[in-house]
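Chains as they are written, first to last, in the working numbering: chain A, 320 to 517; chain B, 53 to 675.
Dropping the structure here:
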C-alpha cells in the first residue's frame with residue numbers, strides 16, 4: 320500500500336499531464352458508463368438535492384488532505400449519520416470511483432460513536448437538534464464534518480450545505496478544519512458560498 | 053552600363069560583395085522564416101493547449117460543485133488573452149456549463165472528442181476535465197491561429213532588413229573597393245603617363261601596407277630600373293654622338309691642316325724661288341765683262357737684300373719647326389726694351405726702305421726693362437714691322453709706339469695698309485694663314501705672325517690684332533710684363549768687340565761661303581783662323597796650326613764630323629783642341645752623340661758670331 324504523503328500528492332498532480340492519454344481513455348469509458356447510468360436510473364433534467372449532496376461529499380475528498388499518519392487501510396470512508404437518501408445516492412454513485420487512487424466507501428451510521436476513523440462525516444438534517452453533541456463526539460479527530468443545517472457552521476461544523484436558488488451550495492470553516500490538521504484546497508474554497516477563516 | 057561595371061575592378065568588387073550579402077541574407081532569412089514558422093506554430097499550439105489545460109484544471113472544482121458562476125469567472129480571465137476568441141466549459145453530457153466570447157454572437161460547436169484542429173486561421177482545442185479518473189466535463193477553446201499574418205510581417209521585416217543591408221553593403225563595398233582600387237588606379241595612371249611621356253622619374257604613391265603596397269613598391273623599383281637603363285642607353289648614345297662629332301671636327305681640322313700644308317708648300321717654293329731670280333741676275337751683272345763699280349755695287353745690294361730675305365725666311369721656318377716640336381729655347385734676362393726695339397727696327401729697315409715707307413717711333417723716356425731673350429723679342433717686333441711694310445702700299449706711314457701701363461709695357465705697331473677682314477681676324481695668328489686677297493709677291497710664308505704670337509707667349513705676354521676692316525689699316529699690340537731695373541751691370545747684348553786674347557781657330561765646313569764669311573769675321577776681331585772644307589784637309593791644317601779651338605760641321609761629306617773629331621784627337625797636334633760641334637740638328641740625341649765623340653760644345657746652325665765669341669771665352673778659359 321503506497322503511503323500517501325503531501326509530497327507524493329504534489330508529484331501525482333504533476334504527473335497528471337503524462338497520464339493524459341490514459342486519463343482521456345478512462346474519461347471516455349467513464350463518460351459512456353455515466354451516460355448509461357444516467358439514462359437508466361435518474362430522471363432526465365430533475366435536480367435531486369440528495370444526489371448533489373452525495374456527489375459533493377465525494378468531491379470534497381479531492382480537495383481535502385488528511386494528515387498522512389492517519390491514513391490506514393485502502394479505502395476512504397464517508398460516514399453518514401442519518402440521511403438515508405444521501406446514503407442511497409452515495410451507494411449508487413461511489414462504485415467504480417476513487418479519490419487519489421483510493422476506493423471510496425459510504426458508511427451509514429446508526430450512532431455517532433460508530434464513526435471510527437472515517438475521513439468524512441455527514442450529519443443528516445434529522446440530527447440538527449443534537450448537532451453540538453454529535454460534533455463534540457467527533458472531537459478533534461481529523462474528520463471533515465459536514466452538516467446540513469441553517470447555522471451548521473456556527474454550531475461547529477467544518478462544512479455546511481445551504482440551498483441557494485434551489486441549488487445546493489456549501490460554506491466552509493477553514494479554521495475548524497485546520498484545527499484538526501486538515502488541509503483544504505483553495506480551489507474548494509473558491510467555489511464555496513462562504514468561507515470562515517480565523 | 054553593366055559591361056562597364058564588369059570591366060572595372062571596383063564594379064566587380066561591389067557586385068561580389070552585394071551578391072555575397074544577398075545570398076547570405078536570403079539564406080539566413082529563409083532559415084529564420086522556417087524557424088519562426090515552426091516556433092510560432094509550436095508556440096500557438098502550446099499556448100492554446102496550455103490555456104486549455106489550465107482552464108480544465110481550474111474548472112474542475114466548478115464542475116464538481118456545480119458552480120457555473122465560478123466557471124464563468126475563470127473563463128472571463130481569458131479576456132486578457134488577445135489570442136483567445138472564445139472559450140466554453142461543457143458538462144459531460146454536452147450541455148454548455150459556462151461560456152466566454154470576445155465577440156457577440158459567437159457560436160459554440162457541439163461537444164467533440166479531445167484534440168486540436170487548425171482551420172482557416174482558427175485553432176480549436178477540446179479538452180476533457182478529468183478528476184480522480186472521472187470526466188467532469190470538457191473545456192473548449194478557440195484561438196486565432198495568426199501564422200500567416202506573422203509570416204507576412206516577418207517577410208516584410210526581413211525584406212526591409214535585406215534592402216537596408218544591401219544598401220549599407222553597397223556603400224561599404226564602394227568605400228572598400230575605393231580603398232582597394234584607389235591605389236591600383238593611381239598605379240595605372242602612373243603607368244599610362246610613363247608610357248605616354250616616357251618619363252621614368254614618375255613614381256606611384258604607396259598608401260597601403262597590403263599586397264597593393266608591395267605591388268606599388270615593385271612597380272616603382274621596376275620604373276627606377278627601366279629609367280636607369282633608358283638613361284644609360286641615352287648617355288651612351290649621346291657619348292657616341294659626341295665622339296662622332298669630335299671625330300668629324302678632328303677630321304675637318306686635319307683636312308684643313310693638310311690643305312694649309314699644301315698651300316704652305318706652294319708658298320714656300322714660291323717664296324724661296326722669288327729671291328733667286330734677282331740673285332741670278334745680280335750674279336750675271338757681276339760676271340758681265342766691264343761691269344762698272346756702280347753696277348757691282350747695285351748687284352751686291354741686290355744679292356744682300358735677297359739673301360737677307362732668304363735667310364729670314366729659312367730662319368722663320370726653322371723657328372717654326374722648333375716651336376712646333378717644343379725645342380725653341382729662350383734665354384731670358386732683364387733687358388732694356390728700347391734696345392730690343394732698335395735692333396728690330398734695324399733688322400726691318402731694309403724692307404721699310406725698299407717699300408719707301410716712313411716709320412715713326414715713340415718710345416718712353418725712362419728705360420723699361422722686360423724679362424726677355426733680346427734676339428727673340430726683337431724678332432717679334434721686326435716680324436710685325438715687316439708685316440706692316442709688306443701689307444702696306446708704298447709711301448705709307450707706319451707708327452711704332454711704346455708706353456708703360458699698369459705694370460705692363462704696350463708696344464703698338466700701326467699701319468695704313470690693306471687691313472684685315474673681320475672674318476680673318478680671329479685666325480690671323482695661326483700658322484700658315486695669310487690674308488687671302490694679298491698678292492703673292494707681297495706675301496710671306498704666313499708664319500711671321502704665328503711665330504710672333506708664340507714668342508710673345510713665351511715671354512708671358514699677349515699680342516692682339518685690330519683692324520676696322522679691309523683697307524682700313526691694322527694695329528698690332530704687344531703687351532709684356534715690366535720688371536725692375538737689374539742691379540748688376542749685365543749687358544744683354546754683347547757688343548762686337550775685339551777679342552781679349554788671340555786664339556788659333558780651325559773652322560771645318562763644307563759650305564765654303566759660311567766657312568769663309570765666319571773666318572773673315574773671326575779674323576776681324578783678332579783671331580788666327582784657318583778653314584778646311586773636308587776631313588782630310590782639316591787634319592792637314594790641324595797639324596800645321598795646332599788649333600786651340602776647332603769648329604766642326606758634323607754634316608761633312610765622306611767622313612762625318614764625329615769621325616773627324618776622333619781623328620783630330622788621335623794626332624798629337626790637335627789632341628787637346630777644344631772641339632765645338634756645329635750642326636743643323638740640335639736634339640738631345642744629337643747633343644749626346646757629339647759629346648760622346650769628344651765635342652765640348654754643340655752649337656746649332658745658324659751659328660752667330662756672338663755665340664762663337666761666348667763659346668771661345670768660356671771654353672778656352674776653362675782649359
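We treat Cβ as the ideally placed atom computed from N, Cα and C, and that holds for glycine.
Backbone secondary structure at residue i - three-state DSSP
i: residue 357 of chain A; result: Annotation note: pLDDT 45 at residue 357 of chain A (below 50); position unreliable, coordinate value reported separately. Residue 357 of chain A: helix per DSSP, three-state reduction.
i: residue 461 of chain A; result: coil
i: residue 593 of chain B; result: helix
i: residue 184 of chain B; result: coil
i: residue 515 of chain B; result: strand
i: residue 327 of chain B; result: coil
i: residue 423 of chain B; result: strand
i: residue 353 of chain B; result: helix
i: residue 451 of chain B; result: strand
i: residue 507 of chain A; result: helix
i: residue 624 of chain B; result: helix
i: residue 382 of chain A; result: helix
i: residue 92 of chain B; result: helix
i: residue 486 of chain A; result: strand
i: residue 315 of chain B; result: helix
i: residue 126 of chain B; result: helix
i: residue 531 of chain B; result: strand
i: residue 611 of chain B; result: coil
i: residue 404 of chain A; result: helix
i: residue 106 of chain B; result: helix
Chain-ordered neighbours of residue i on chain A, where CB pairs are closer than 9 Å
i: residue 156 of chain B; result: Under the 9 Å cutoff, chain A gives no residues; its nearest Cβ is about 27 Å from residue 156 of chain B.
Same chain, Cβ closer than 7 Å to residue i, neighbours up to 5 away in sequence not counted
i: residue 396 of chain A; result: 424, 426, 437, 438
i: residue 451 of chain B; result: 412, 466
i: residue 179 of chain B; result: 104, 105, 108, 166, 190, 191
i: residue 480 of chain B; result: 472, 501, 517
i: residue 547 of chain B; result: Residue confidence is low: residue 547 of chain B scores 48 on pLDDT, short of 50, so the model does not pin down where it sits. No coordinate-derived value is stated.
i: residue 27 of chain B; result: In the structure as shown, chain B starts at 53 and stops at 675, and residue 27 of chain B therefore has no counterpart that could be examined.
i: residue 363 of chain B; result: none
Beta-carbon proximity list for residue i, same chain, < 6 Å, skipping 5 on both sides
i: residue 659 of chain B; result: 634
i: residue 122 of chain B; result: 114
i: residue 381 of chain A; result: 418
i: residue 431 of chain B; result: none
i: residue 253 of chain B; result: none
i: residue 18 of chain B; result: An answer regarding residue 18 of chain B cannot be provided, because it is not within the stretch 53 to 675 covered by chain B.
i: residue 62 of chain B; result: 229, 233
i: residue 363 of chain A; result: At residue 363 of chain A, the pLDDT of 45 sits below 50, so the modelled position is not reliable and the matter cannot be decided from this model.
i: residue 400 of chain B; result: 434, 437, 438
i: residue 129 of chain B; result: none
Close beta carbons around residue i, own chain, < 8 Å, minus the five adjacent residues each side
i: residue 251 of chain B; result: 245
i: residue 474 of chain A; result: 450, 451, 454, 466, 468
i: residue 498 of chain A; result: 459
i: residue 384 of chain B; result: 423, 424, 425, 511
i: residue 523 of chain A; result: In this structure chain A extends from 320 to 517, so residue 523 of chain A is not present and cannot be described.
Partners in chain B for residue i, counting only beta-carbon separations shorter than 8 Å
i: residue 486 of chain A; result: 118
i: residue 506 of chain A; result: 110, 112, 113
Within chain B, partners of residue i - CB distance below 7 Å
i: residue 509 of chain A; result: 113, 122
i: residue 371 of chain A; result: 118
i: residue 441 of chain A; result: Ordered by position in chain B, no residue passes the 7 Å Cβ test against residue 441 of chain A, which lies about 15 Å from the chain.
i: residue 375 of chain A; result: 117
i: residue 378 of chain A; result: 116, 117
Chain-ordered neighbours of residue i on chain B, where CB pairs are closer than 9 Å
i: residue 381 of chain A; result: 112, 113, 116, 183, 184
Can you list, in chain order, the residues of the segment 409 to 434 of chain A whose Cβ is nearer than 8 Å to any Cβ on chain B? 416, 417, 418, 419
Scan the segment 103 to 131 of chain B for residues whose Cβ lies nearer than 8 Å to a Cβ of chain A and list them as they occur along the chain. 105, 110, 112, 113, 114, 116, 117, 118, 119, 122
Short-range partners of chain A found in the segment 164 to 193 of chain B, where Cβ spacing is below 7 Å: 166, 180, 182, 183, 184, 185, 186, 187
Quick check for students: name the residue ranges of the beta strand (DSSP E) that lie wholly in the segment 370 to 421 of chain B, counting only runs of 3 or more. 385 to 388, 410 to 414
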